[in-house]
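*Asks:*
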Amino acid sequence: MSPTAAPPFAEALRAALEADVVEAAPLLLGCILSRGERSARIVEVEAYRTPDDPACHAHRGQTRRNATMFGRPGLAYVYFTYGNHWMLNVVAHPPGVAAAVLVRAAEPLTGLEEMRSLRPRARRDEDLLSGPGKLTAAFGIDRADDGCDLLGGRGPLRLEPGVPPARIVTGSRIGVTDGREHLWRFIDADALPWASRPLPR
DNA sequence: GTCCGGATTACCT
DNA sequence: GGTAATCCGGACT
1 MSPTAAPPFA EALRAALEAD VVEAAPLLLG CILSRGERSA RIVEVEAYRT PDDPACHAHR
61 GQTRRNATMF GRPGLAYVYF TYGNHWMLNV VAHPPGVAAA VLVRAAEPLT GLEEMRSLRP
121 RARRDEDLLS GPGKLTAAFG IDRADDGCDL LGGRGPLRLE PGVPPARIVT GSRIGVTDGR
181 EHLWRFIDAD ALPWASRPLP R
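Following my numbering, the numbering of the first sequence begins with 1 at its first residue and continues without gaps.
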């Protein structure tokens, strides 16, 4: 085995992301997001893509804000919204074609003290990562992380293999008006306490 | 240059 | 369950 060979997990996930964001999004459930001592198991994601999805940021073409979404599968697309919040996405589809998976919620595994210090308003551990803006706050994710490779095994922010869910619930994406007919929200059905909302609607 | 609304959160009733 | 906070990106006058 070559010492420079990429781990099978990363290669397989990157290939799945490149092939189809809707098929790949549920594969992110159960994966571990890690940064230093902090780690968490992803329990909720949403898929966005061009050209047939009006809810996708890149639906009207490339801009400076969404440029990372046109990059290589496995990159982090991080954007700012609502005046306060950063959102973490995993880029999908081949370079030049925009698609991404929004990471909406996770179950904290390690480094909870650091997460709590960055989320002082969270009263319970279930409040630490149960929303896309909460998750980025607890991991200290911001503009500086936009464009980093989550599957390269080199950067501080990484996606690693975990325990896949036994059951998955799908539903309409949260906060989306155009494109709500797409059931592209995916949740680990056995991890609902850690999700951004108790039940899909 | 100005205006509108947002892939949200947290607090209030 | 309803809504204020907060400010940037994209569209348009």
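Ideal Cβ positions, reconstructed from N, Cα and C, are used throughout, including at glycine.
1) Where Ala92 and Glu18 are concerned, what is the direct C-alpha to C-alpha distance, given to the nearest angstrom?
2) Report the residue ranges of all beta strand (DSSP E) runs contained in full by the region 79–108; include only those spanning at least 3 residues, in chain order.
3) Let me know the secondary structure DSSP gives Thr50 once reduced to three states.
4) Buried or exposed, going by whether 16 or more other CB atoms sit within 10 Å of the CB of Leu151?
5) Within this structure, are the beta carbons of Arg167 and Ala189 separated by less than 8 angstroms?
6) Is there at least one non-hydrogen atom of the ligand MG closer than 7 angstroms to the beta-carbon of Gly36?
7) With distances taken between CB atoms, is the gap from Trp203 to Gly133 smaller than 8 angstroms?
8) Check this for me: beta carbons of Pro32 and Gly153, under 8 angstroms apart or not?
9) Return the CA-CA distance between Leu135 and Ala106, expressed in angstroms with no decimal places.
10) For Ile187, write down the residues that DSSP places opposite it in a beta bridge.
11) Starting from the C-beta of Asp146, find all residues in its chain whose C-beta is less than 7 angstroms away, skip the five residues before and the five after it, and write them out in chain order.
*Replies:* In this structure, then:
1) One-based indexing of the first sequence puts residue 92 at position 92. One-based indexing of the first sequence puts residue 18 at position 18. Answer to the nearest angstrom: the Cα atoms are 5 angstroms apart.
2) As far as the region 79–108 is concerned, its whole beta strand (DSSP E) runs of at least 3 residues are 85–92.
3) Here the question's residue 50 lines up with position 50 in the first sequence. Here Thr50 carries a coil assignment [DSSP, helix/strand/coil].
4) Looking up residue 151 in the first sequence gives position 151. Burial of Leu151 is indicated by the presence of at least 16 other C-beta atoms within 10 angstroms of its C-beta.
5) Locating residue 167 in the first sequence gives position 167, counting from the first residue. Locating residue 189 in the first sequence gives position 189, counting from the first residue. Yes, the pair counts as a contact, with Cβ atoms nearer than the cut-off.
6) As for the ligand MG, it is missing from this structure, which has no ligand bound.
7) Residue 203 lies beyond the residue range present for the chain, which begins at 1 and ends at 201; the question has no answer from this structure.
8) Mapped onto the first sequence, residue 32 falls at position 32. Mapped onto the first sequence, residue 153 falls at position 153. Rather than Pro, the amino acid found at residue 32 in this sequence is Ile. The Cβ-Cβ distance between Ile32 and Gly153 does not fall below 8 angstroms.
9) Translated into the one-based positions of the first sequence, residue 135 becomes position 135. Translated into the one-based positions of the first sequence, residue 106 becomes position 106. Roughly 7 angstroms separates the two Cα atoms.
10) As a working mapping, residue 187 is identified with position 187 in the first sequence. According to DSSP, which records beta bridges pairwise, Ile187 is partnered with Glu44, Val169.
11) Walking along the first sequence from the start, residue 146 turns up at place 146. Only Thr68, Ala76, Tyr77, Val78 meet the Cβ criterion.
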